[in-house]
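Notes to accompany the following structure.
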Amino acid sequence: MSGAIQVVIVSRTLCYEINISSYLVIIMDAVYYNGQYHTYEDYSMTELLYMVGLANQPEKFSDSKCVLMCQNSKKSYYLKFLNDMLPVESHLDHCLHDHFNAEIVTKTIENKQDAIDFITWTFLYRRLPKNPNYYNLKGTSNSHISDSLSDLVENTLNMLEQAKCIQIIDEYYVSPLNLGMIAAYFYISFTTVEVFNLSIKEKTKVRGILEIISNSTEFGNIIIRYREVNVLKQLCDKLPNQLKSQKFNDPRVKTNLLLNAYLNRLSLSAELNKDINDIVPIATRLAHACVDVITSNAWLKPAIAAMELAQMLTQAVNPSDHYLKQLPHSTQGLIERAKEMGINSVFDLLEMEDDDRNKLLQMDRAKLNDVAQFCNYYPSIEISYDISEKSPIVGDTVSVDVTMERDNDIDGLAPPVVAPFYPATRKDEGWWLVIGEPELNTILAVKRVTVHASAKVKLDFIAPSPGKHDLKLYFICDSYLGADQEFDFKIYSTPDSMNGDEVEAKRPKLIVINVFTFFVILSLLYGQGG
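Read left to right, the sequence shown gives residues 1 to 530 (the UniProt record's numbering).
Spelled out as structure tokens, the structure:
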């Protein structure tokens, strides 16, 4: 506003993010390079009109100017769209699956007729008779539009059913399934949750989950800039455990490389850092969705791996990194000193004497204040639990009451997460409570909780097969490494007295009794005859 900035040069992708205007805007050509297909493509008219609109400073100048530099053959084309009204059409038919899935989950749509009624309230329905060729309609009569909507609804619902997001009952009624609920809750594509369900296996580890997340539909539109393929190849050479022969013009390969670069805290260009700021919050949300998909299959180890990935994405660390790497202004020298002094966690750091702590950190006062805030906000939670029945009958419900007490709440609320590298301005802390049997890689119960000053949660699960079961109660954070807690307990499941095995065991005894009775009767008869 003071006029200190005279010239600003921005790329096409940043035009929506700058909050400035000028009396003169120069658009240097109206094409951009699409690295995925190795072609140059025209700016969309929406983008172009937005750029033209930045030439606007009525409080200083009575008029403004925009200069568009383009090929002479396209001059009449741009003049037409700049001077005439811009036609607006609906693209709802391209993404109707996710809309239907969300409405089915909320029970707004319960059958196919409801789905058709839903479309009649949309802009798509209004545009169908106005521009039938755009929507591939054969005619504009009521029967043509009705047939088109019926086919659209039928195909959309069938694809959702194939993805196991919904269930079609009696070829008319629809009801949501677990995958559909997960997709609606986390606001992700139905194809993404389908990929999670098909790709994640019971032995999948953190790196595998990260690669699966990178292949999500949400990252299909990550741009590949001009000559960026060479930059990605160089980045791949710097990263460990990466295939050197990859398709670097694939947005999903780029996403995977950038996520690994983020976890390794590599220095990147401003444009790649901008991409990381867009990718990481989405990847964190997808990691939470992965947890729900995995727990639906009752797999313990990959579920914990997905939870650890959520921690890693928040703090920008690898699973093998030292816990003190989460500290603000942490350096490799600090990590080496911590290893020499036997400091392995944030809690160890808090228990140190002041002189020893200063010797370890070696920071100025401003940086020490940042570290102090991190330590004050680092979760310190006391856990207690009570098991309703340690010797349950197979098939009975076992309840575990868990009580959580926080020591460092702020006015009864959980403090915000301190994550210096996380792109979002604020992130709230969350936890998973899990009861599992590590030996069988099985989850018996899981619940996501938020702990402010205190919280009480009941976990219910069905008593497993007869015998002793070594179980664990996991308390896992989604934002910090080293804050997790584990508790071991045992239950001894006993068989139901009325089950088939015991009935079979009793049958031989009944037969013996009957034979004995038969011989007693015979002896009495022969005794009377004598």
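Virtual Cβ for every residue (Gly too), placed ideally from N, Cα, C. From a predicted model like this one, the values you see are computed outputs, not experimental measurements.
Margin query: Rounded to whole angstroms, what is the Cα-Cα separation between residue 445 and residue 459?
Written below: Those two C-alpha atoms are separated by around 6 Å.
Notebook entry, point to check: Quick one, are the C-beta atoms of residue 193 and residue 182 less than 8 Å apart?
Noted result: It is a contact, given that the beta carbons lie within the stated cut-off.
Item checked: Identified DSSP bridge partners for residue 196 -> Paired residue(s): none; residue 196 is not in a bridge.
Next item on the list: Report the option in 35, 18, 462 and 267 whose CA atom is closest to the CA atom of residue 247.
Entry: Selected option, being the one with the closest Cα: 35.
Check: Around the Cβ of residue 16, are there at least 16 other Cβ atoms within 10 angstroms (buried) or fewer (exposed)?
Finding: Around the Cβ of residue 16, a 10 Å sphere holds fewer than 16 other Cβ atoms; the residue is exposed.
Next item on the list: Answer with buried or exposed for residue 254, where buried requires no fewer than 16 other C-beta atoms within 10 angstroms of its C-beta.
Entry: Taking all protein chains shown into account, residue 254 has 16 or more neighbouring C-beta atoms within 10 Å of its C-beta and is therefore buried.
Checklist line | The alpha helix (DSSP H) enclosing residue 494, as first and last residue numbers | finding: No alpha helix (DSSP H) contains residue 494, which DSSP labels as neither H nor E.
Note to self: Please report the distance separating the alpha-carbon of residue 402 from that of residue 453.
What the structure shows: Looking at the two C-alpha atoms, the distance is approximately 14 Å.
Margin query: Just to confirm before moving on: does the CB-CB distance between residue 285 and residue 316 stay below 8 Å?
Written below: No; because the gap between Cβ atoms is not below 8 Å, this pair is not in contact.
Item checked: Between the CA atoms of residue 330 and residue 237 - distance to the nearest angstrom -> Cα-Cα distance, rounded: 25 Å.
Next item on the list: Rank 375, 112, 274 and 260 by C-alpha distance to the C-alpha of residue 224 and give the top, closest one.
Entry: By alpha-carbon distance to residue 224, the top candidate from 375, 112, 274 and 260 is 274.
Margin query: I want to check one thing, is the minimum distance from the CB of residue 109 to the heavy atoms of the ligand HEM below 7 Å?
Written below: Inclusion of the ligand HEM in the displayed structure is not the case, the ligand content being empty and no account of it being possible.
Next item on the list: Let me know the secondary structure DSSP gives residue 114 once reduced to three states.
Entry: Here residue 114 sits in helix by DSSP.
Note to self: Determine whether the beta carbon atoms of residue 294 and residue 310 lie at a separation below 8 Å.
What the structure shows: No, Cβ-Cβ distance for residue 294 and residue 310 is not below 8 Å.
Checklist line | Buried or exposed by the 16-neighbour rule on C-beta atoms within 10 Å, applied to residue 326 | finding: Flag for residue 326 reads buried.
Item checked: 7 Å Cβ shell around residue 498 - same chain, five flanking residues per side excluded -> Only weak support is given to the placement of residue 498: the predicted model assigns it a pLDDT of 47, under 50, and the question is left unresolved by the model.
Notebook entry, point to check: Under the DSSP definition of a beta bridge, which residues are partnered with residue 485?
Noted result: DSSP lists 475 as the bridge partner or partners of residue 485.
Checklist line | Proximity to residue 320 [Cα-Cα], best of 105, 482, 93 and 135 | finding: Scanning 105, 482, 93 and 135 for the CA closest to the CA of residue 320 turns up 482.
Next item on the list: Counting only runs of 4+ residues fully inside the segment 78 to 111, write out the alpha helix (DSSP H) ranges in chain order.
Entry: You should have 96 to 105.
Checklist line | Three or more C-beta pairs below 8 Å linking the segment 60 to 78 and the segment 125 to 133 | finding: No, the segment 60 to 78 does not touch the segment 125 to 133.
Next item on the list: Run through the segment 189 to 238 for me and flag every whole alpha helix (DSSP H) of 4 or more residues, listed as ranges in chain order.
Entry: The segment 189 to 238 contains these whole alpha helix (DSSP H) runs: 190 to 199, 206 to 214 and 228 to 238.
Next item on the list: Please go through the segment 3 to 74 and give each complete beta strand (DSSP E) segment of 3 or more residues, from N-terminal end onward.
Entry: The DSSP assignment places 24 to 28, 31 to 34, 39 to 42 and 65 to 69 as complete runs of the beta strand (DSSP E) inside the segment 3 to 74, in order along the chain (cut-off: 3 residues).
Note to self: Report the CB separation of residue 165 from residue 215 in whole angstroms; it is logged as a contact under 8 Å.
What the structure shows: Going by Cβ atoms, the distance from residue 165 to residue 215 rounds to 18 Å, so no, they are not a contact pair.
Notebook entry, point to check: Where in the segment 412 to 470 do unbroken runs of the beta strand (DSSP E), each at least 3 residues long, occur, reported from the N-terminal end onward?
Noted result: Whole beta strand (DSSP E) segments, 3+ residues: 431 to 437, 442 to 449 and 454 to 462.
Item checked: N- and C-terminal bounds of the beta strand (DSSP E) containing residue 398 -> Boundaries of the beta strand (DSSP E) around residue 398: 397 to 406.
Checklist line | residue 256 burial status per 10 Å Cβ neighbour count (16 or more: buried) | finding: By the beta-carbon neighbour count (other beta carbons within 10 angstroms, threshold 16), residue 256 is buried.
Next item on the list: Could you tell me whether the segment 102 to 119 touches the segment 145 to 161, where touching means 3 or more Cβ pairs closer than 8 Å?
Entry: Segments in contact, yes.
Item checked: Proximity winner among 428, 480, 409 and 388, relative to residue 490 (alpha-carbon distances) -> Nearest C-alpha to residue 490: 388.
Next item on the list: Could you give the DSSP three-state label for residue 356: helix, strand or coil?
Entry: It is helical.
Next item on the list: Just confirm the distance between the C-beta atoms of residue 288 and residue 219, as a whole number of angstroms; I'd bet it's less than 8 Å.
Entry: Going by Cβ atoms, the distance from residue 288 to residue 219 rounds to 16 Å, so no, they are not a contact pair.
Notebook entry, point to check: Relative to the C-alpha of residue 11, which residue among 436, 22, 30 and 24 is closest?
Noted result: When each option's Cα is compared against that of residue 11, the closest is 30.
Next item on the list: Please classify residue 343: does DSSP put it in a helix, a strand, or coil?
Entry: Correct three-state label for residue 343: coil.
Notebook entry, point to check: If you scan the segment 243 to 328 from start to end, which runs of the alpha helix (DSSP H) of 4 or more residues do you find wholly inside it?
Noted result: Taking 4 residues as the shortest admissible run, the segment 243 to 328 contains the following complete alpha helix (DSSP H) segments, listed from N- to C-terminal end: 251 to 263, 270 to 296 and 300 to 315.
Check: So who's on the other strand from residue 176, going by DSSP bridges?
Finding: Beta-bridge pairing links residue 176 to 166.
Note to self: Does the segment 473 to 482 come into contact with the segment 428 to 440, if we say contact requires no fewer than three beta-carbon pairs (one atom in each stretch) closer than 8 Å?
What the structure shows: Contact between the segment 473 to 482 and the segment 428 to 440 is present, because at least three Cβ pairs lie under 8 Å.
Margin query: For chain B, check one thing: does any of its Cβ atoms lie closer than 8 Å to the Cβ of residue 139?
Written below: You won't find chain B in this structure, because it holds only one protein chain.
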